[in-house]
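Single-structure report; data block below.
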Amino acid sequence: MMHSPPKIAYTICSANHLAYAKTMADSLLQVAPEYMVMIGLADRINNRFSVDEFLPHQLIEVEQLAIPAFGSMSRQYTLIELNCAMKPFLAQYILDREQPDILLYIDADIFFYQSIAPIEAVLTQNAIAITPHFFTPINDGALPMERDVLRSGIYNAGFIAMKNNAITQSFLQWWAERLTNQCYYNFAEGMAVDQNWLNLVPLFFENVAIVQHKGCNVAYWNLHERNLTVRNHAVWVNETELLIFLHISGYKFETPHILSKHQTRFQLSELPVLQNLLENYRALVNKNGYARYCQMPCFFARPIKKSTGIMAFINRVLQPLGIKITNT
Numbered sequence: 039m040m041h042s043p044p045k046i047a048y049t050i051c052s053a054n055h056l057a058y059a060k061t062m063a064d065s066l067l068q069v070a071p072e073y074m075v076m077i078g079l080a081d082r083i084n085n086r087f088s089v090d091e092f093l094p095h096q097l098i099e100v101e102q103l104a105i106p107a108f109g110s111m112s113r114q115y116t117l118i119e120l121n122c123a124m125k126p127f128l129a130q131y132i133l134d135r136e137q138p139d140i141l142l143y144i145d146a147d148i149f150f151y152q153s154i155a156p157i158e159a160v161l162t163q164n165a166i167a168i169t170p171h172f173f174t175p176i177n178d179g180a181l182p183m184e185r186d187v188l189r190s191g192i193y194n195a196g197f198i199a200m201k202n203n204a205i206t207q208s209f210l211q212w213w214a215e216r217l218t219n220q221c222y223y224n225f226a227e228g229m230a231v232d233q234n235w236l237n238l239v240p241l242f243f244e245n246v247a248i249v250q251h252k253g254c255n256v257a258y259w260n261l262h263e264r265n266l267t268v269r270n271h272a273v274w275v276n277e278t279e280l281l282i283f284l285h286i287s288g289y290k291f292e293t294p295h296i297l298s299k300h301q302t303r304f305q306l307s308e309l310p311v312l313q314n315l316l317e318n319y320r321a322l323v324n325k326n327g328y329a330r331y332c333q334m335p336c337f338f339a340r341p342i343k344k345s346t347g348i349m350a351f352i353n354r355v356l357q358p359l360g361i362k363i364t365n366t
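Numbering (this note's numbering), first residue to last: 39 to 366.
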């Protein structure tokens with residue numbers, strides 16, 4: 039009789055990001071082959087592709103979760119808002135159905151390079167492990183600034199490690215209740231989809247750890263404190279810790295010379311190690327069907343309406359503040 043694996047990782051995306059999701063999942067299995075990866079699809083397959091293309095990873099359409107409020111959520115949320123809102127619901131589904139010992143949430147645009155044993159070690163004494171955007175002050179006038187992190191969330195919601203216990207279950211229930219109708223991008227209202235809710239998690243729940251390993255969640259937002267070098271065919275962070283995973287946020291294949299649309303601090307050409315990692319990553323995502331999947335429309339979520347007239351003018355004024363108002 040086969041038993042469910044004790045360790046599961048999951049991600050959530052719509053069809054247009056499936057090439058990223060497969061690339062992430064493949065990279066995790068290279069460093070942690072004992073994991074099962076489940077791809078939550080905030081979309082419908084609708085005969086557009088075969089689930090066999092993603093084996094050994096499993097695809098789950100979000101409608102299978104039977105979320106009572108899903109109808110209203112799909113009408114009120116944009117595509118990115120809906121994807122973010124699904125995170126706790128799919129986690130609850132997996133914990134209930136598969137009963138893993140460890141559950142990892144991983145954004146589709148993450149890539150693994152080394153063993154995740156240091157992260158699992160954190161869970162031996164803790165229920166939940168989260169990663170901050172950065173650890174050290176920054177005040178050079180470039181983006182992102184400290185106030186951007188205050189606005190969008192101290193911790194990055196692209197990676198969350200959880201042990202299957204009562205604390206995690208309470209956290210997921212609390213998070214699910216909030217994201218049912220409070221998962222918007224609206225910085226003026228203090229809302230940054232699912233992410234800034236995590237600010238409260240170390241206060242509301244016991245045994246929540248902040249991952250200290252600088253090789254975790256390396257991204258444009260913390261490169262001011264994390265220098266990448268290569269030694270003995272491995273990538274090191276500050277020459278002291280191995281790069282475990284890179285979070286490739288805001289990187290566009292159409293402009294591969296630009297590190298991220300969300301930052302102004304670094305030129306990618308000045309970061310040769312990272313530039314090489316991104317070139318290799320782009321090749322893998324392309325091999326996994328990027329050109330095919332990126333064009334697929336989503337069956338759910340409210341479309342973003344472009345601002346016109348006076349609204350467009352207001353948004354131009356507010357742009358330096360990172361605030362955008364949309365028509366409803």
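Backbone N, C-alpha and C define an ideal beta-carbon position, used for all residues, glycine too.
To which residues does DSSP link residue i through a beta bridge?
i	result
residue 199	142, 167
residue 193	170
residue 160	DSSP output for residue 160 lists no bridge partner at all.
residue 149	284
residue 45	140
residue 274	267, 280
residue 78	50, 98
residue 230	223
Less than 6 angstroms between the CB of residue i and some heavy atom of the ligand PLP, yes or no?
i	result
residue 278	The ligand PLP is not among the ligands present in this structure, which contains no ligands whatsoever.
So, helix, strand or coil for residue i, using DSSP?
i	result
residue 267	strand
residue 236	helix
residue 258	helix
residue 34	This structure cannot settle anything about residue 34, because the visible part of the chain is limited to 39 through 366.
residue 70	coil
residue 155	helix
residue 205	helix
residue 89	helix
residue 296	coil
residue 366	Low local confidence applies: a pLDDT of 41 at residue 366 is under 50, so the model's placement there is unreliable, with the coordinate-based value given in what follows. Coil.
residue 246	strand
residue 61	helix
residue 252	coil
residue 183	coil
residue 56	helix
Whole-angstrom Cβ separation of residue i and residue j, contact assumed at under 8 angstroms?
i	j	result
residue 247	residue 164	4 angstroms
residue 133	residue 207	7 angstroms
residue 205	residue 166	7 angstroms
residue 138	residue 213	About 18 angstroms; that fails the 8 angstroms criterion.
residue 194	residue 255	6 angstroms
Tell me which same chain residues have a C-beta within less than 6 angstroms of the C-beta of residue i, skipping the five on either side of it?
i	result
residue 288	298, 299, 300
residue 253	275, 279, 280, 281, 282
residue 59	49, 51, 77, 146
If distances are taken between C-alpha atoms only, which option among the options comes closest to residue i?
i	options	result
residue 220	189, 114, 97	114
residue 338	255, 225, 68, 79	79
residue 75	57, 271, 142, 99	142
residue 284	202, 318, 238	318
residue 150	307, 68, 312, 294	68
residue 70	188, 45, 255, 227	45
residue 162	245, 73, 47	245
residue 157	47, 136, 261, 186	47
residue 258	313, 272, 238, 222	313
residue 262	331, 123, 104, 172	172
residue 211	242, 230, 223, 155	242
Return the chain-ordered list of same chain residues with a C-beta closer than 7 angstroms to the C-beta of residue i, the five sequence neighbours on each side being excluded.
i	result
residue 235	213, 216
residue 97	77, 79, 89
residue 366	In this prediction, residue 366 has a pLDDT of 41, which is less than 50 and means its spatial position is unreliable; nothing more can be read from the coordinates.
So, does the CB of residue i fall closer than 7 angstroms to a CB anywhere in chain D?
i	result
residue 104	In the displayed structure, chain D is absent; only one protein chain is listed.
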